[in-house]
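Read through the structure below, which is laid out as structure tokens, and then see the notes.
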Amino acid sequence: MGKVLLWVEHESGAIKDATLSAVTAAGQLGDVVALVAGEGVDGVAQAAAQIAGVSAVLKADDAAYAHALAENVAPLVAGLMADHDAFVAPATTTGKNVAPRVAALLDVAQVSDILSVEGPKTFTRPIYAGNAIATVESSDTKLVVTVRATAFAKADASGGSASVEAVSGAGDAGLSSFVGAEIAKSERPELTSAKVIVSGGRALKDAETFAATITPLADKLGAAIGASRAAVDAGYVPNDYQVGQTGKIVAPQVYVAVGISGAIQHLAGMKDSKTIIAINKDEDAPIFQVADVGLVADLFTAVPELVGKL
Amino acid sequence: MKILVPVKRVIDYNVKPRVKADGTGVDLANVKMSMNPFDEIAVEEAIRLKEKGIATEIVVASIGPAKAQETLRTALAMGADRAILVATDDAVEPLAVAKILKAIAEEEQPALVILGKQAIDDDSNQTGQMLAALLGRPQGTFANAVTVEGDKVIVAREIDGGLETVQLALPAIITTDLRLNQPRYASLPNIMKAKSKPLATKAPADYGVDTAPRLRTVTVAEPPMRQAGIKVADIDDLVGKLKELGVA
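If you read the sequences in order, they're chains A and B.
Under UniProt numbering, the first residue of the first sequence carries the number 1, and numbering increases by one thereafter.
Under UniProt numbering, the first residue of the second sequence carries the number 1, and numbering increases by one thereafter.
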């Protein structure tokens with residue numbers, strides 16, 4: 001068993017759920033050493049040390065790492081890889097941004113978005129929008145892997161007692177700087193970790209109709225709100241609501257698809273949901289081929305009636 | 001400034017891929033192929049920068065089989081100036097592609113390289129980041145908006161929680177997200193004109209790059225099928241199902 005360096009994704013002092021899934025995947029490869037990079041990350045490092053399955057925590061506290069800019073963070077990780085056999089990151093936008101830069105610095109191929117660990121260097125991963133599953137074996141001496149969070153159980157956030165050690169890297173590479181961020185505010189559960197998701201498609205006509213139709217149902221079910229690419233492109237909801245090959249990959253207990261036809265690229269993001277419920281007036285819509293429960297009805301009458309009866 | 005746009009020939013996004021019965025891969029014989037959709041967005045962005053008077057020349061490059069020439073001609077018809085085809089019949093991994101692109105970038109000295117964020121066949125989402133690392137340049141991945149200001153480029157990026165804006169020193173690498181722009185269609189006269197635009201053909205060896213794969217594909221399989229579900233007759237039945245599932 002080797003030593004695995006794990007990227008801890010955190011925001012506003014809290015560790016993101018995707019990290020916990022990555023811990024489970026990393027644990028199947030070896031001894032998990034969590035890397036917490038950022039500015040003022042003592043609390044995050046302490047929290048990482050509590051995660052069951054983490055054997056040590058490395059803390060890189062520097063203003064240069066505050067926004068996880070790949071230009072600054074990748075050399076730090078690549079340097080630490082002298083003492084580790086694998087680098088594992090959750091396949092979030094941050095993981096996807098940083099990991100390939102690390103892989104290239106190490107001159108190794110990266111295995112993206114793994115679904116399972118089949119051997120010390122063998123993994124399964126989806127290709128062609130999830131229409132095929134490839135089993136691949138790396139021939140590199142060091143591994144760089146990103147993990148599809150929905151494919152692995154979350155490690156327990158408590159019960160561990162790892163030691164925390166401070167590390168440092170080269171700091172600011174002077175190539176890039178953070179200007180600002182617009183984070184969509186939501187009191188709902190986060191899309192990628194929600195137990196229930198209500199998603200709307202193009203059939204919802206416009207932003208007002210989308211909100212008026214989907215929100216009450218999501219409220220009743222305590223659900224996160226998602227959307228198809230068509231609904232996002234049409235401006236009904238912001239980009240980060242998009243579920244699909246090019247948006248978020250989700251696997252909730254229950255996924256309710258409202259007015260979504262079920263294009264290949266959308267199915268790629270949600271077909272691992274435990275139960276899929278579809279409401280669509282077109283009984284031939286491809287969504288019904290994957291739905292466990294389907295209702296052929298006009299959503300504008302069906303959804304309000306459903307909300308009334310819940 | 002000069003802009004380099006790498007493009008990839010992939011299965012058309014509307015085609016449902018079929019896994020070969022022997023598990024060696026996906027059947028691409030007689031399947032419609034097109035330019036990777038994210039690369040169309042990259043070409044479009046380069047053209048828009050040229051139309052604004054920021055870019056002076058757009059070079060497109062593709063690494064793949066001889067037929068990738070068609071993909072390059074499409075980019076030329078959209079408005080690129082010239083093309084480089086690095087011909088190889090091997091399946092080239094992102095790391096090797098990044099190394100070839102690095103060599104091309106060193107030769108051409110583009111101020112910007114604009115790539116798609118991922119190819120819809122291998123879904124890797126690696127090449128742009130790897131190229132940036134190999135060149136020691138900054139990267140603006142998943143770009144939603146690109147603004148060139150003097151010797152800097154401001155990139156708004158699509159991230160999990162919303163949008164993030166970063167400032168990069170030029171030369172830089174950008175990868176496009178879906179909503180960066182709406183790519184144009186090539187008009188018939190432009191398709192005709194594109195036939196006479198320069199297209200250089202090279203080989204990976206010309207750039208001294210070894211394209212031997214680092215990852216061995218053991219098998220390619222169909223994803224697990226979902227069990228066929230049921231259709232409920234009315235809302236009351238649906239409410240019943242939701243109650244069974246414990247969400248209502």
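Backbone N, C-alpha and C fix where the C-beta goes; we use that ideal spot for every residue, glycine too.
Remember, predicted model here, so these are calculated numbers, not experimental data.
Short CB-CB distance (under 7 Å) between Thr219 (chain B) and chain A: Yes - at least one Cβ of chain A is within 7 Å of the one on Thr219 (chain B).
Name the residue from B:Glu51, B:Glu164 and B:Leu49 whose alpha carbon lies nearest to the alpha carbon of Ser181 (chain A). For the sequence presented, residue 181 (chain A) should be read as Ala rather than Ser. Here the closest residue by C-alpha is B:Glu164.
Decide if Gln227 (chain B) is buried, meaning its Cβ has at least 16 other Cβ atoms within 10 Å, or exposed. Classification of Gln227 (chain B): exposed, given that the 10 Å Cβ count is below 16.
Can you name the start and end residues of the beta strand (DSSP E) that Val10 (chain B) belongs to? Arg9 to Ile11
Nearest CA to the CA of Lys67 (chain B): which residue from B:Arg48, B:Thr56, B:Val5 and B:Asp89? B:Asp89
Buried versus exposed, by CB contacts within 10 Å (16 or more), Pro224 (chain B): exposed
Does the separation of the CB atoms of Asp121 (chain B) and Ala143 (chain B) fall below 7 Å? no
The stretch 76-99 of chain A: positions lying closer than 9 Å to chain E by Cβ: No chain E is part of this structure, whose protein chains are labelled A and B.
Presumed contact (8 Å Cβ cut-off) between Gln50 (chain A) and Ser158 (chain A), rounded CB distance: 5 Å
Which same chain residues end up closer than 7 Å to Thr94 (chain A) when comparing Cβ atoms and leaving out the 5 residues on each side of it in sequence? Glu9 and Ala68
Between the Cα of Gly150 (chain B) and the Cα atoms of B:Arg214, B:Leu112, B:Pro213 and B:Met130, which residue gives the shortest distance? B:Leu112
Endpoints, beta strand (DSSP E) assigned at Gly119 (chain A): Ser116 to Gly119
Could you give the C-beta distance for Val167 (chain A) and Leu58 (chain A), rounded to a whole number, given that I count them as a contact under 8 Å? Contact between Val167 (chain A) and Leu58 (chain A) holds, with the beta-carbon distance rounding to 5 Å and staying under 8 Å.
Between Val145 (chain A) and the rest of its own chain, which residues show a CB-CB distance below 6 Å, the 5 nearest in sequence each way excluded? Val88, Val111 and Ile114
What is the DSSP secondary structure of Arg137 (chain B), counted as helix, strand or coil? Taken through DSSP and simplified to helix, strand or coil, Arg137 (chain B) comes out as coil.
Are there three or more Cβ pairs, one per stretch, closer than 8 Å when the stretch 283-303 of chain A is compared with the stretch 37-50 of chain B? no
Sequence-distant residues of the same chain with beta carbon closer than 8 Å to Thr150 (chain A), five excluded per side: Ser21, Thr192, Ile249, Val250, Ala251 and Asp272
In chain A, which residues lie with their C-beta within 8 Å of the C-beta of Gly208 (chain B)? Here the premise fails: no neighbours, minimum Cβ distance about 15 Å.
Please specify which runs of the beta strand (DSSP E), each continuous and at least 3 residues long, are wholly inside the stretch 86-174 of chain A, giving them in chain order. Here the runs fully enclosed are 86-90, 110-114, 116-119, 122-127, 132-138, 143-147 and 163-166.
Note down, in chain order, every chain A residue with its Cβ under 8 Å from the Cβ of Val239 (chain B). Leu306, Lys309 and Leu310
Within the present structure, is the beta-carbon of Leu221 (chain A) separated from the nearest heavy atom of the ligand MG by less than 6 Å? The ligand content of the structure shown is nil, which means the ligand MG is not present either.
Keeping to the same chain, check which residues put their C-beta closer than 6 Å to that of Pro198 (chain B); ignore five residues upstream and five downstream. If we look at Pro198 (chain B) and ignore the five residues flanking it on each side, its Cβ neighbours are Arg82.
Chain A contacts made by the stretch 164-182 of chain B, where a contact means CB separation under 7 Å: Of all residues in the stretch 164-182 of chain B, the ones placed with a Cβ closer than 7 Å to any Cβ belonging to chain A are Glu164, Thr165, Val166, Gln167, Leu168, Ala169, Leu178 and Arg179, in chain order.
Could you tell me whether the Cβ of Ser228 (chain A) comes closer than 7 Å to any Cβ of chain B? With 7 Å as the cut-off, Ser228 (chain A) does not count as an interface residue toward chain B.
Whole-number beta carbon distance between Ala233 (chain B) and Leu115 (chain B), since they are thought to touch under 8 Å: About 50 Å separates the two Cβ atoms, so there is no contact after all.
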